[in-house]
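Anchor point for the sequence shown: position 1 equals 1 in UniProt numbering, and the numbering is continuous, going up by one each time.
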Amino acid sequence: MATAERRFMMNGIVTFVQGLVGMKVFAELRGGTTAFGILLECDHFMNLRIRNAIILRARKAEKVEEFFVSGRHLR
Numbered sequence: 001m002a003t004a005e006r007r008f009m010m011n012g013i014v015t016f017v018q019g020l021v022g023m024k025v026f027a028e029l030r031g032g033t034t035a036f037g038i039l040l041e042c043d044h045f046m047n048l049r050i051r052n053a054i055i056l057r058a059r060k061a062e063k064v065e066e067f068f069v070s071g072r073h074l075r
C-alpha cells in the first residue's frame, strides 16, 4: 500500500469501519437503498463487502449471499 493511501486510511472514518469487520452492519446507499448484513471487508476507499445481506429497495426485501457496495454510493 502506498504511503499516501496508508495515511488516508489511518486518519478517518475508514479506520472505524474497518474495526467493524465481522459484525452486523447497516449501510444506507444513495437513492434510498439500504443493506444489512455481516461486514466482510472494507478497503481504504470505503468499498464494502457484506455477507448474508438483506437489501431493501422501495419496500421490497431481497436476500443475497454477498453484496458489494462502492464507497462512492454510501450516504
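Where a beta carbon is used, it is the ideal one built from N, C-alpha and C, also for glycine.
| Item | Value |
| --- | --- |
| Going straight from the alpha carbon of Gly32 to that of Ala58, what length do you get? | 8 angstroms |
| Have a look at the DSSP bridge pairing and note the partners of Arg57. | Lys60 |
| When DSSP labels each residue in this structure, what does Phe45 get in the three-state scheme? | coil |
| Please go through the same chain and pick out, in chain order, the residues whose beta-carbon is closer than 6 angstroms to the beta-carbon of Leu40, but skip the five residues on each side of it. | Arg49 and Arg51 |
| Which residues mark the beginning and the end of the alpha helix (DSSP H) in which Val25 is found? | Counting along the chain, Val25 falls outside any alpha helix (DSSP H), though it belongs to the beta strand (DSSP E) covering Lys24 to Glu28. |
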